[in-house]
Every structure is written in C-alpha cells, then in structure tokens.
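Engineer: Mind looking over this structure? Questions follow.
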Amino acid sequence: MAIKHFLQFSDLKLDEFEYLIERTRTIKRKFKNYEPHPTLADRTLVMVFEKNSTRTRLSFEAGMHQMGGAAIYLNTRDSQLGRGEPVEDAAQVMSRMCDVIMIRTFGQDIIERFAANSRVPVINGLTNEHHPCQVLADVFTFIEHRGSIKGKTVAWVGDANNMLYSWLQAAQVFDFHVNVSTPKRYEIDPSLVAEDNTHYTLFDSPSDACQGAHLVTTDVWTSMGFEEENAARLKAFRGWIVDSEKMQRAQPDALFMHCLPAHRGEEVSAEVIDGPQSVVWDEAENRLHVQKALLEYLVLGKLDA
Ligand code: CP
Ligand code: NVA
Numbered sequence: 167m168a169i170k171h172f173l174q175f176s177d178l179k180l181d182e183f184e185y186l187i188e189r190t191r192t193i194k195r196k197f198k199n200y201e202p203h204p205t206l207a208d209r210t211l212v213m214v215f216e217k218n219s220t221r222t223r224l225s226f227e228a229g230m231h232q233m234g235g236a237a238i239y240l241n242t243r244d245s246q247l248g249r250g251e252p253v254e255d256a257a258q259v260m261s262r263m264c265d266v267i268m269i270r271t272f273g274q275d276i277i278e279r280f281a282a283n284s285r286v287p288v289i290n291g292l293t294n295e296h297h298p299c300q301v302l303a304d305v306f307t308f309i310e311h312r313g314s315i316k317g318k319t320v321a322w323v324g325d326a327n328n329m330l331y332s333w334l335q336a337a338q339v340f341d342f343h344v345n346v347s348t349p350k351r352y353e354i355d356p357s358l359v360a361e362d363n364t365h366y367t368l369f370d371s372p373s374d375a376c377q378g379a380h381l382v383t384t385d386v387w388t389s390m391g392f393e394e395e396n397a398a399r400l401k402a403f404r405g406w407i408v409d410s411e412k413m414q415r416a417q418p419d420a421l422f423m424h425c426l427p428a429h430r431g432e433e434v435s436a437e438v439i440d441g442p443q444s445v446v447w448d449e450a451e452n453r454l455h456v457q458k459a460l461l462e463y464l465v466l467g468k469l470d471a
C-alpha cells in the first residue's frame, strides 16, 4: 500500500477529512472523560524542528504519549541535519527506526525530498509555504462552534503566508470561500495556488474583506525565516490589524481565529483576541485532538472503534 503523507492540505480528500473530523470528535470526548485511547501503543513519532515551536511540539508529543506511543524530539542545532547531512539520507535512516515523522522546516522542497525518501508517513508541521495541521485544527474548531463550513466565508487579513496557502487549499476541499486582503508587495504568489482554485477573492481594503464573513482570521506580519524584513513589514502592514471596526463588518456571530503566537497591537487588537468572538484557545487545544486522529489515520488507516 502506498504511504500517505500530509505535506500540504490538498494531500487528503474530502471523505478523508470527514473521517478525521468524526474521529477527532471521538478522540476529544475520550480525552475529556479520561478514557484511555492507546491505538498507537509501541509506535514512535520522530519530530524534526528546524524552526521554533511551542504548540506543534507539545501537541504532537502529548498526543503520542496519550495514544500509548513515544515521541522523539530532534532539532537542527544538535542533530547531524545542522551539520549538513543530506535530507535524503536523514529520511532513509529516521524512517527505518520509527513509524511516522513530523517535520517543521523552511522550504516545501525540503519536506518533499524528505518524504520521497521515507518509508513511513511524513507530516508537515509548518514550512514557509504551508501549515496544514493548523488549518485542519481551525476547520475542526469552526465546525465545532458553528456546524458545516461549506458555503461560508472566511476573511484573511494580513500576510500571504503559509497559513493563507493552507486556508486556500482547505477552501477548495471543503467548498467555502476566502476573502483575502494583503498589503501591496505582500500579495499571494500565484505559483502557490492551484490554477483551478476559484474559492477566493482579493480585496484592497482589509475592512471590505471582512464584510459578511463568518470567520475572521489573521497571523503574524513576519513569519519565521523572514525576520530581516521585520522593519519594512511593520510599516507596510499598518492598517491590516483585526480590530473591533473590522469585526463589526463581519457577521454578528463571526468567530475570530489566530494560529498563535500573536502580537497584540500589530495584526490583532487585544480587544478582539481577548474578546467574546475569539476562539483562539479552543483552536490551540484542537491541534492536539486533530493531530491524534491524523497520526492514527496515517499509521493505521481508518478505524471503527
Ligand atoms: N501555531 C503554531 O504552530 O504554534 P507553534 O509555532 O508554537 O508550534
Ligand atoms: N506564519 C507563522 C506561523 C507560526 C505558527 C510562521 O510561519 O512563523
């Protein structure tokens, strides 16, 4: 059987996501009731981090422990990856010693080369181009709060970054629409969006992008790996803050999401992120539950109980 990887959101199909969402509900309920769920007993996850993380590391590591397995943390600083061992060789070796691998790295090409040389499933824990696990958690969080996301409108205010590209892929899979507003010179790179993706509209004004939205979401102005652009971005992104004025343009019951970490006063006001429409803590917690379902699915396939 071909190995299934999750390198970008479009790697799985709607029926697989529908299974994962139902499975996540079960896994979350069991977690809340302290019921054991040891479906990955004796299995090992290797996690490779070439960039910093709090949520991704914690959710994958805790998730594997909760499923009876083990998680091993490697980073560039103290593994041979940092001394130039080819990614293809690292993939060959790591995938002979474990059952599934998660990587957070820079270019998408790195994770693709890694996966091409891996005997086990590889999961994207964030690259410059994609953050599919986060958007899976976000879609699950929306469904949990509001029901089906089909036909709904998501407003994206800010940088055309990894989160946005994963949202655009999710829109195509789940059949919803994304209103996108980015500052000039920070627009979408068309080479990172499928040619047949008609599930988004571009807006010059971030407030107009929020009009009628069921969910308003944003992310940092400067992603990891782009730190040297920080000063220029601080100027260019002024105005692309999700504040109360923009939330008022959205549906009265619109949700606010942010993958975190957040900068209050830059991409989001404290009033919004700490306000009643914000579901950022549920969103962060749901990383744990959706990724447990994902790990189980990639390693074992669909399960009944
Ligand atoms: N949202 C997210 O991926 O957080 P971390 O960078 O802390 O893993
Ligand atoms: N876009 C951000 C997400 C961090 C979780 C980054 O890549 O740094």
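Mapping the sequence shown onto this note's numbering, position 118 (from 1) lands on 284, and the numbers just tick up by one.
Beta carbons: idealized from backbone N, C-alpha and C, even for Gly.
#1: If you pair each beta-carbon of the region 379 to 398 with each one of the region 353 to 366, do three or more pairs fall below 8 Å?
#2: Please state if the CB of T388 and the CB of V408 are separated by a distance shorter than 8 Å.
#3: Taking the continuous beta strand (DSSP E) assigned at Y239, which residues delimit it?
#4: Would you be able to state if there are at least three C-beta pairs under 8 Å between the region 205 to 218 and the region 270 to 279?
#5: Within 10 Å of its beta-carbon, does K194 have 16 or more other beta-carbons around it, so buried, or fewer, so exposed?
#6: With a CB to CB cut of under 6 Å and the five nearest residues on each side skipped, what residues in its chain are close to V212?
#7: Between A303 and V456, which are expected to be in contact by the criterion C-beta below 8 Å, what is the C-beta distance as a whole number of angstroms?
#8: Pick out every residue whose C-beta is nearer than 6 Å to a heavy atom of the ligand CP: which are they, in chain order?
#9: Roughly how many angstroms lie between the CA atoms of S371 and Y463, to the nearest whole one?
#10: For R453, is the classification buried or exposed, using 16 other Cβ atoms within 10 angstroms of its Cβ as the cut-off for buried?
#11: Report yes or no: do three or more beta-carbon pairs, one from the region 314 to 323 and one from the region 289 to 303, lie closer than 8 Å?
#12: Nearest CA to the CA of K472: which residue from F175, E184, G248 and L173?
#13: DSSP three-state label for H424, please.
#14: Would you call the CB atoms of H203 and M230 closer than 8 Å?
#15: Give me, in chain order, the residues of the same chain whose beta-carbon lies closer than 7 Å to that of P349; leave out the 5 immediate sequence neighbours on both sides.
#16: Please check the pair E254 and N283, which I expect to be a contact at CB under 8 Å, by giving their CB distance rounded to whole angstroms.
#17: Are L292 and T222 touching if we call contact CB-CB under 8 Å?
#18: Taking the beta carbon of W333 as the centre, do at least 16 other beta carbons fall within 10 Å, making it buried, or is it exposed?
#19: Please work out which residues of its chain come closer than 7 Å, Cβ to Cβ, to Q443, disregarding the five sequence neighbours upstream and downstream, and give them in chain order.
#20: So does N452 have its beta carbon nearer than 7 Å to some heavy atom of the ligand NVA?
#21: May I have the straight-line CA-CA distance separating E432 from F306, to the nearest angstrom?
#22: Please classify I439: does DSSP put it in a helix, a strand, or coil?
#23: Starting from the Cα of D177, find the closest Cα among V438, A360 and T364 and give me that residue.
#24: Tell me which same chain residues have a C-beta within less than 6 Å of the C-beta of Q274, skipping the five on either side of it?
#25: Taking 7 Å as the cut-off, does the CB of D355 come closer than this to any heavy atom belonging to the ligand NVA?
#26: Pop quiz: V386 and H343 are said to be a contact at Cβ under 8 Å. What is the actual Cβ separation, rounded to whole angstroms?
#27: Please name the residue, chosen from L466, L460 and S314, that lies closest to L173 on a Cα-to-Cα basis.
#28: Starting from R270 and walking both ways along the beta strand (DSSP E), at which residues does that stretch end?
#29: Hey, out of C376, D448 and P427, whose CA is closest to R138's CA?
#30: Can you tell me which of the three DSSP states I187 falls into?
#31: Using CA atoms only, rank isn't needed, just tell me which of R351, N345 and S373 is closest to T364.
#32: Which of the three DSSP states is assigned to Y366 in this structure?
Structural biologist: On the basis of the data shown:
#1: no
#2: no
#3: A236 to N241
#4: yes
#5: buried
#6: I238, M260, C264 and I267
#7: 5 Å
#8: S219, T220, R221, T222, L292, Q300, C425 and L426
#9: 41 Å
#10: buried
#11: no
#12: The first residue shown for the chain is 167 and the last is 471, placing residue 472 beyond what the model contains.
#13: strand
#14: no
#15: A402, F403 and W406
#16: 4 Å
#17: yes
#18: buried
#19: M413, A420, L421 and F422
#20: no
#21: 26 Å
#22: helix
#23: A360
#24: T293 and E295
#25: no
#26: Going by Cβ atoms, the distance from V386 to H343 rounds to 24 Å, so no, they are not a contact pair.
#27: L460
#28: V266 to R270
#29: Absent from the structure is residue 138, since the part of the chain shown begins at 167 and ends at 471.
#30: helix
#31: N345
#32: strand
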